[in-house]
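Numbering (my numbering), first residue to last: 98 to 755.
All C-beta atoms, glycine included, are put in the ideal place defined by N, C-alpha and C.
What you are looking at is a predicted structure, and each value in this text was computed from that prediction instead of being measured.
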Amino acid sequence: MSEPDGQSTTLDNLLSESRTFPPSEAFAAQANATSELYDEANADREAFWAAQARRLHWDTEWDQVLDWSNAPFAKWFVGGKLNVAYNCVDRHVEAGHGDRVAIHWEGEPGDSRTITYAELQREVSRTANALASLGVGSGDRVAIYLPMLPEAVYAMLACARLGALHSVVFGGFSSEALRTRINDAAAKVVITCDGQYRRGKAMPLKANVDEAVAGTPSVEHVLVVKRTGTETDWNPARDQWWDDVVEGQPDTHTPEAFDAEHPLFILYTSGTTGRPKGILHTSGGYLTQAAYTHHTVFDLKPESDVYWCTADIGWVTGHTYIVYGPLANGATQVIYEGTPNAPHEGRHWEIVQKYGVTLYYTAPTTIRTFMKWGADIPARYDLSSLRLLGSVGEPINPEAWIWYREHIGGNRAPIVDTWWQTETGAIMISPLPGHTHTKPGSAQRPLPGISAKVVDETGTPVAHGSGGLLVLDQPWPSMLRGIWGDDERYRETYWSKFADKGFYFAGDGAKYDNDGDIWLLGRVDDVMNVSGHRISTTEVESALVSHPTVAEAAVVGASDPTTGQAIVAFVILRGTADDAASGEAAIKALRDHVAHEIGPIAKPRQIMVVPELPKTRSGKIMRRLLRDVAENREIGDVSTLADSSVMNLISAGLGKSS
Ligand code: 6R9
Numbered sequence: 098m099s100e101p102d103g104q105s106t107t108l109d110n111l112l113s114e115s116r117t118f119p120p121s122e123a124f125a126a127q128a129n130a131t132s133e134l135y136d137e138a139n140a141d142r143e144a145f146w147a148a149q150a151r152r153l154h155w156d157t158e159w160d161q162v163l164d165w166s167n168a169p170f171a172k173w174f175v176g177g178k179l180n181v182a183y184n185c186v187d188r189h190v191e192a193g194h195g196d197r198v199a200i201h202w203e204g205e206p207g208d209s210r211t212i213t214y215a216e217l218q219r220e221v222s223r224t225a226n227a228l229a230s231l232g233v234g235s236g237d238r239v240a241i242y243l244p245m246l247p248e249a250v251y252a253m254l255a256c257a258r259l260g261a262l263h264s265v266v267f268g269g270f271s272s273e274a275l276r277t278r279i280n281d282a283a284a285k286v287v288i289t290c291d292g293q294y295r296r297g298k299a300m301p302l303k304a305n306v307d308e309a310v311a312g313t314p315s316v317e318h319v320l321v322v323k324r325t326g327t328e329t330d331w332n333p334a335r336d337q338w339w340d341d342v343v344e345g346q347p348d349t350h351t352p353e354a355f356d357a358e359h360p361l362f363i364l365y366t367s368g369t370t371g372r373p374k375g376i377l378h379t380s381g382g383y384l385t386q387a388a389y390t391h392h393t394v395f396d397l398k399p400e401s402d403v404y405w406c407t408a409d410i411g412w413v414t415g416h417t418y419i420v421y422g423p424l425a426n427g428a429t430q431v432i433y434e435g436t437p438n439a440p441h442e443g444r445h446w447e448i449v450q451k452y453g454v455t456l457y458y459t460a461p462t463t464i465r466t467f468m469k470w471g472a473d474i475p476a477r478y479d480l481s482s483l484r485l486l487g488s489v490g491e492p493i494n495p496e497a498w499i500w501y502r503e504h505i506g507g508n509r510a511p512i513v514d515t516w517w518q519t520e521t522g523a524i525m526i527s528p529l530p531g532h533t534h535t536k537p538g539s540a541q542r543p544l545p546g547i548s549a550k551v552v553d554e555t556g557t558p559v560a561h562g563s564g565g566l567l568v569l570d571q572p573w574p575s576m577l578r579g580i581w582g583d584d585e586r587y588r589e590t591y592w593s594k595f596a597d598k599g600f601y602f603a604g605d606g607a608k609y610d611n612d613g614d615i616w617l618l619g620r621v622d623d624v625m626n627v628s629g630h631r632i633s634t635t636e637v638e639s640a641l642v643s644h645p646t647v648a649e650a651a652v653v654g655a656s657d658p659t660t661g662q663a664i665v666a667f668v669i670l671r672g673t674a675d676d677a678a679s680g681e682a683a684i685k686a687l688r689d690h691v692a693h694e695i696g697p698i699a700k701p702r703q704i705m706v707v708p709e710l711p712k713t714r715s716g717k718i719m720r721r722l723l724r725d726v727a728e729n730r731e732i733g734d735v736s737t738l739a740d741s742s743v744m745n746l747i748s749a750g751l752g753k754s755s
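Now the structure itself:
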């Protein structure tokens with residue numbers, strides 16, 4: 098394990114901002130969250146979660162709230178049965194809210210669609226019937242490789258309705274990454290579209306699927322949504338247009354109740370090794386915590402709020418806070434297909450104004466991008482509808498927090514900085530709006546019902562004012578139930594570090610301030626956080642060394658003013674490589690190679706050609722020293738290097754860097 102990336106810079110930032118922001122009386126008076134929630138949860142955690150589970154419709158009530166006897170494999174709401182899609186769609190229609198808008202969908206080129214709950218019910222039913230006609234049933238896996246289209250939501254909910262597991266693969270991942278994920282889950286069906294809009298251009302997407310499924314024996318059908326009209330190759334034995342299969346289906350479908358622990362989805366995330374982990378989530382506990390947190394942390398009033406989470410459906414934030422949480426709560430939300438600067442840098446604020454968005458949830462990297470573009474851009478729009486702002490994905494620096502509050506929230510809307518992970522399934526640490534006196538840069542307290550601690554290497558909680566490692570010391574309903582097909586890796590990755598205490602190790606550094614509030618300080622493992630996306634250093638290193646010119650590679654996350662961290666690679670070229678191989682064109686070829694192997698999000702910002710890499714006597718690369726180089730710092734202690742002259746060689750040779 099190396100030291101927390103960027104910890105020192107984060108700590109420096111913290112010193113510069115010590116204001117706290119109490120909620121306004123008006124907000125507090127109407128808030129969903131009250132301080133009693135903490136008391137209720139402290140009095141009886143299981144009774145508290147049972148009360149939260151009653152937000153949902155259960156076909157059969159559970160007979161045990163939590164079974165932790167086979168830890169770390171949890172069972173929540175044992176014996177209970179429910180249908181997740183019914184809970185997200187049908188029951189709102191049955192309750193008389195069929196005419197309520199579920200989704201205001203805004204396409205990048207400016208087209209839009211309004212989908213009410215009644216329409217959503219028909220679309221999800223048709224899609225479920227279509228998938229069933231292709232042979233999809235309970236327990237089957239369906240890969241979804243789509244941009245932000247309503248069909249992505251229909252497909253996810255149709256899987257949930259049938260008891261099939263979806264594995265959504267972010268549309269920015271390469272065909273290689275898609276193939277690995279399809280094969281790991283042995284998906285039977287892939288759902289994609291012809292092309293996707295990106296900054297005004299139509300980019301092919303189905304072509305990636307064609308490349309991927311050339312090596313996926315499990316795939317029987319590819320279902321293709323028509324979006325851009327982009328020409329695509331066609332394999333008639335395998336490919337079908339979405340419209341041809343879905344349109345003619347009956348628009349009713351009877352949902353079946355599944356066990357509370359029935360698997361709901363797999364979502365791949367980067368670990369510290371090259372191979373991504375298929376994080377497994379199940380039904381009852383996941384939906385309970387998704388609904389509870391969405392209601393409490395975002396203060397949702399389903400009759401009047403217009404909610405917008407800007408995440409992509411390919412990440413966990415899109416799963417829990419676009420699909421399952423908001424829809425379980427009967428919310429009206431905006432889903433936007435494109436990037437924040439298409440066709441202009443005011444696009445988000447234009448959308449906020451158009452739909453009267455009240456609750457807005459985004460990532461620090463996006464906020465910092467808005468800061469770069471200038472406060473005069475949001476100032477051109479009417480943002481007075483906004484009454485709450487959220488942040489997720491990485492620590493938010495106090496400067497961005499204050500800018501967000503002032504220029505987007507009109508110094509009025511409370512900010513919730515929400516800490517959680519793909520593995521936790523839902524928000525774990527966050528202020529409660531209307532209750533908490535917020536502090537710029539701190540996620541502050543575990544939510545009622547959640548327990549988290551900052552501990553030292555022995556698992557002992559650290560004193561207020563000190564730093565350590567973040568652990569979750571009690572099971573929670575939306576916790577991952579394992580890594581798909583690899584129980585051992587699940588135990589090893591999350592539960593082995595504090596095995597004697599039974600703590601879940603999150604992989605994040607954190608500290609308590611003097612009030613006992615938690616400040617997240619970034620990853621303490623070899624996982625980078627680039628624009629809120631988790632990418633492992635090993636994954637990028639494997640991609641680099643798979644290129645014929647590269648002998649060895651080491652990758653570090655260097656702090657970056659916009660993306661949080663940026664990928665910086667150090668490569669040793671093969672013996673035969675001459676000056677041409679280390680030239681600009683060659684470096685571009687390496688960056689493109691990484692994009693092809695993993696996806697454009699993993700492209701290194703910088704690749705430096707070096708003669709050697711700094712290693713300890715046991716052969717471990719000392720990333721700390723490479724980070725010093727990447728961040729233009731004086732190089733730290735080199736005494737544990739096998740050869741201490743290596744750093745001089747590296748510094749001397751950097752004339753060849755890009
Ligand atoms: C939801 C999501 C999880 C990692 C996590 C941590 C970082 C997320 C954060 C935060 C500080 C916050 N992270 N939210 N760090 N403050 N509010 O992002 O899931 O993609 O799995 O990433 O992101 O390092 O461990 P995921």
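(request) Inspect the beta-carbon positions of V413 and L361 and report whether they are closer than 8 Å. (result) The residue given as residue 413 occupies position 316 in the sequence shown. The residue given as residue 361 occupies position 264 in the sequence shown. Going by C-beta atoms, V413 is not nearer than 8 Å to L361.
(request) Determine contact between the stretch 400 to 412 and the stretch 562 to 574, defined as no fewer than three beta-carbon pairs at a distance below 8 Å. (result) no
(request) Let me know the secondary structure DSSP gives F145 once reduced to three states. (result) Here the question's residue 145 lines up with position 48 in the sequence shown. Looking at F145 - three-state DSSP - the assignment turns out to be helix.
(message) Let me check understanding here. Comparing Cα to Cα, which of E520, N494, E503, R484 lies closest to A510?
(response) Position 413 of the sequence shown holds residue 510. Of E520, N494, E503, R484, the residue nearest in Cα terms is R484.
(request) State the CB to CB distance for the pair R324 and D291, rounded to an integer number of angstroms; the pair is presumed to be in contact (CB under 8 Å). (result) Here residue 324 refers to the residue found at position 227 of the sequence shown. Here residue 291 refers to the residue found at position 194 of the sequence shown. Contact holds; Cβ gap of about 6 Å.
(request) Could you say which of A640, L710, D734 lies nearest to P697 if we only look at CA atoms? (result) Within the sequence shown, residue 697 is the residue found at index 600, counting from 1. The residue with the shortest Cα to Cα distance from P697 is A640.
(message) Helix, strand or coil, according to DSSP, for R721 in the structure here?
(response) Indexing the sequence shown from 1 puts residue 721 at position 624. The answer is helix: DSSP assigns R721 an H, G or I state.
(request) Taking the CB atoms as reference points, tell me whether T515 and I524 lie closer together than 8 Å. (result) Walking along the sequence shown from the start, residue 515 turns up at place 418. Walking along the sequence shown from the start, residue 524 turns up at place 427. Against a cut-off of 8 Å, the Cβ pair of I524 and T515 comes out as a contact.
(request) Give me whichever residues DSSP pairs with V310 in a beta bridge. (result) Residue 310 sits at position 213 when you count from the first residue of the sequence shown. The partner list for V310 (beta bridge, DSSP) is empty, contrary to what the question assumes.
(request) Evaluate A650 with the Cβ neighbour count: other Cβ atoms within 10 Å of its Cβ, from every protein chain shown; 16 or more gives buried, anything less gives exposed. (result) Numbered from its first residue, the sequence shown carries residue 650 at position 553. The residue in question, A650, is buried, as its Cβ has 16 or more Cβ neighbours within 10 Å.
(request) State the CB to CB distance for the pair N626 and G661, rounded to an integer number of angstroms; the pair is presumed to be in contact (CB under 8 Å). (result) Against the sequence shown, residue 626 aligns to sequence position 529. Against the sequence shown, residue 661 aligns to sequence position 564. Confirmed, about 5 Å.
(message) Only counting the same chain, and skipping five residues up and downstream in sequence, which positions put a Cβ closer than 7 Å to that of W202?
(response) Taking the first residue of the sequence shown as 1, we reach residue 202 at position 105. Same-chain partners within the cutoff: S209, R210, I212, P247, I432.
(request) Report buried or exposed for N745, applying the criterion of at least 16 other Cβ atoms within 10 angstroms of its Cβ. (result) Locating residue 745 in the sequence shown gives position 648, counting from the first residue. N745 is exposed by the Cβ-count criterion.
(message) Taking its Cβ as the centre, do 16 or more other Cβ atoms sit within 10 Å of W165, making it buried, or is it exposed?
(response) As a first step, residue 165 is located in the sequence shown; it is residue number 68 there, counting from the start. It is exposed - the Cβ of W165 has fewer than 16 other Cβ atoms within 10 Å.
(message) Quick check: what's the CA-CA separation for S754 versus A282?
(response) Position 657 of the sequence shown, counted from the first residue, corresponds to residue 754. Position 185 of the sequence shown, counted from the first residue, corresponds to residue 282. Any answer about S754 is weak, because its pLDDT of 42 lies below 50 and its placement is not dependable; what the coordinates show is given next. Each residue's alpha carbon lies about 40 Å from the other.
(request) Would you tell me roughly how many angstroms separate the C-alpha atoms of T455 and E400, rounded to the nearest one? (result) Here residue 455 refers to the residue found at position 358 of the sequence shown. Here residue 400 refers to the residue found at position 303 of the sequence shown. Going from the Cα of T455 to the Cα of E400 covers about 12 Å.
(request) Using DSSP bridges, identify the partner residues of S488. (result) Here the question's residue 488 lines up with position 391 in the sequence shown. BP columns for S488 point to T459, D514.
(request) Kindly identify the DSSP beta-bridge partner or partners of L320. (result) Here the question's residue 320 lines up with position 223 in the sequence shown. Its beta-bridge partners are I288, Q337.
(request) Given a cut-off of 8 Å, decide if A699 and A692 are closer than it, judged by their beta-carbon atoms. (result) Counting from 1 along the sequence shown, the entry for residue 692 is found at position 595. Counting from 1 along the sequence shown, the entry for residue 699 is found at position 602. Yes, Cβ-Cβ distance for A692 and A699 is below 8 Å.
(request) State buried or exposed for V226, treating a residue as buried only when at least 16 other CB atoms are found within 10 Å of its CB. (result) Reading the sequence shown from its first residue, position 129 is the one you call residue 226. Just to set this straight, residue 226 is Asn in the shown sequence, not Val. Label assigned to N226: buried.
(message) Assuming T289 and V321 are in contact, meaning their beta carbons sit under 8 Å apart, how far apart are those beta carbons, in whole angstroms?
(response) Stepping through the sequence shown from its first residue, residue 289 is reached at position 192. Stepping through the sequence shown from its first residue, residue 321 is reached at position 224. About 6 Å; that satisfies the 8 Å criterion.
(message) Is it buried or exposed, K608, if we count other Cβ atoms within 10 angstroms and call 16 or more buried?
(response) Within the sequence shown, residue 608 is the residue found at index 511, counting from 1. Buried, since its Cβ has 16 or more Cβ neighbours within 10 Å.
(message) Give me the residue from W338, A476, S488 with the minimum Cα distance to R465.
(response) The sequence position of residue 465 within the sequence shown is 368, counting from 1. Checked all of W338, A476, S488; the closest Cα to R465 is S488.
(request) Please confirm if the stretch 734 to 743 is in contact with the stretch 711 to 721, defined as three or more CB-CB distances below 8 Å between the two stretches. (result) yes
(request) Identify every residue that forms a DSSP beta bridge with H154. (result) To locate residue 154, count along the sequence shown from 1; it is residue 57. Looking at the DSSP assignment, H154 forms no beta bridge with any residue, so it has no partner.
(message) So, with DSSP's three-state summary, where would you put R219?
(response) Indexing the sequence shown from 1 puts residue 219 at position 122. The answer is helix: DSSP assigns R219 an H, G or I state.
(message) Does the distance between the C-beta of G619 and the nearest non-hydrogen atom of the ligand 6R9 fall short of 7 Å?
(response) On the sequence shown, position 522 is the one that residue 619 refers to. It does: the Cβ of G619 is within 7 Å (strictly closer) of some heavy atom of the ligand 6R9.
(request) Specify, as a first and last residue, the run of the beta strand (DSSP E) that A240 falls within. (result) Indexing the sequence shown from 1 puts residue 240 at position 143. Here the beta strand (DSSP E) through A240 covers 238 to 241.
(message) Please tell me whether, using a cut-off of 7 Å, the distance from the CB of I505 to the nearest non-hydrogen atom of the ligand COA is below it.
(response) By its list of ligands, the structure shown excludes the ligand COA, since it contains just the ligand 6R9.
(message) With distance defined between alpha-carbon atoms, name the residue in Q571, S121, L722 nearest to F602.
(response) Position 505 of the sequence shown holds residue 602. Ranking the options by Cα distance to F602, first place goes to Q571.
(request) Compare the beta carbon distance of P574 and W173 with 8 Å and say whether it is the shorter of the two. (result) Translated into positions along the sequence shown, residue 574 becomes position 477. Translated into positions along the sequence shown, residue 173 becomes position 76. In this structure, W173 lies closer than 8 Å to P574 by Cβ.
(request) In angstroms with no decimal places, state the Cα-to-Cα distance between E496 and S539. (result) By one-based count along the sequence shown, residue 496 stands at place 399. By one-based count along the sequence shown, residue 539 stands at place 442. Each residue's alpha carbon lies about 12 Å from the other.
(request) Go ahead and pull the three-state DSSP assignment for E203. (result) Translated into the one-based positions of the sequence shown, residue 203 becomes position 106. The answer is strand: DSSP assigns E203 an E or B state.
(request) Quickly, what does DSSP pair N626 with across the bridge? List them, please. (result) Translated into positions along the sequence shown, residue 626 becomes position 529. Bridge partners of N626: R631.
(request) Give the straight-line distance between the Cα atoms of Y389 and D340, rounded to the nearest whole angstrom. (result) Indexing the sequence shown from 1 puts residue 389 at position 292. Indexing the sequence shown from 1 puts residue 340 at position 243. Distance between the alpha carbons of Y389 and D340: 35 Å.
(request) Determine the closest residue to G672 out of N167, T646, S741, with distance taken between C-alpha atoms. (result) Start at 1 with the first residue of the sequence shown, and residue 672 comes out as number 575. Among N167, T646, S741, the Cα nearest to that of G672 belongs to T646.
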